[in-house]
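Visitor: This structure is in structure tokens; I'll ask about it shortly.
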Amino acid sequence: MLEKIKQTADYIRAKVTEVPDTAIILGTGLGALVDHISDKQFIPYSEIPNFPVSTVEGHSGNLIFGKLGNRPVIAMQGRFHYYEGYDMKQVTFPVRVMKALGVKTLYVSNAAGGMNKEFRVGDIMIITDHINLFPENPLRGKNYEELGPRFPAMTEAYSHELIALADKVAADKGIRVMHGVYVGTPGPTFETPAEYEYFRVIGGDAVGMSTVPEVIVANHAGIKVFGVSVITDLGGKDVTDVPTHEEVQLAAQKAQPYMMEIIKEMLAR
């Protein structure tokens, strides 16, 4: 594990002129944020030693280095999901590599289904906390002290400081943002009405099939996290619409400019 992380980090370091301390993981339908990055340098996942390859439509599969809002960033265009058949170590391997490269802050984004009755399709939800319903934890197994403690605290999994900054930016720019708890599930099925209801009862506001494993590993590694979901569909016992992957992508693309605006300004500030 340690040897693989080092090998991958060394390969990437040799390829790029500048290694930033900020990284962004772009979720479903949000890959076009890459268009806003200047001075781009692409490294396809397929060329990176030990990297898995994304198999999901809407996830391109590139590691991108460049500037966003005049700030050097690493962007993952496409992430890895548990439902694709990867184990949790593979899903979170890129976060381990980011830490080895010197990343201190991680922005994660995703498309999510909303069960909070206040939410509308296209809303941007700042993630304040999460509920982990994956069947496996990425930290299960041998713990390497070099990577982080055996029992990391998850009290502030999402940085309060970054949440406050995002709120300030959104208020200044007149962008509607919601706050909420993200429920992470293995997928790949969209949720049943009863499951949506259950997630709401246990304290969830939105649900998706990613993010939680990456955030656990980032916290284990001492990386500060800011998370944001685009609410692409709504679910619950009183909702009869059936979401499709295409609709989810479309809703994410519509909300993209606002999310981009927030993240760009956060980086600038």
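Count the sequence shown with this note's numbering and you get residues 995 to 1263, in order. Beta carbons: idealized from backbone N, C-alpha and C, even for Gly.
1. With 16 other CB atoms within 10 Å as the buried threshold, where does Y1076 fall?
2. What is the rounded straight-line gap between the Cα of T1002 and the Cα of M1092?
3. Could you tell me which residues DSSP puts in a beta bridge with N1126?
4. Just checking, does the segment 1133 to 1143 make contact with the segment 1246 to 1256 on the three C-beta pairs under 8 Å criterion?
5. From which residue to which residue does the beta strand (DSSP E) around K1034 run?
6. Return the bridge partner residues of S1153 from the DSSP annotation.
7. Buried or exposed: P1088, going by 16 or more other Cβ atoms within 10 Å of its Cβ?
8. According to DSSP, R1065 sits in a beta bridge with which residue or residues?
9. Which term fits F1145, buried or exposed, when burial requires 16 or more other beta carbons within 10 angstroms of its beta carbon?
10. Per DSSP, what kind of secondary structure is H1239 in: helix, strand or coil?
11. With DSSP as the reference, identify every bridge partner of L1100, one or two as the case may be.
12. Just verifying my parser: in three-state terms, what is the DSSP assignment at A1105?
13. Kindly indicate which three-state DSSP category H1173 falls into: helix, strand or coil?
Guide: Reading off the structure:
1. Looking at its Cβ environment, which holds 16 or more other Cβ atoms inside 10 Å, Y1076 is buried.
2. 10 Å
3. G1178
4. no
5. S1032 to P1038
6. In DSSP, S1153 forms no bridge with anything.
7. Buried, by the Cβ-count rule.
8. L1062
9. exposed
10. helix
11. A1017 and V1219
12. strand
13. strand
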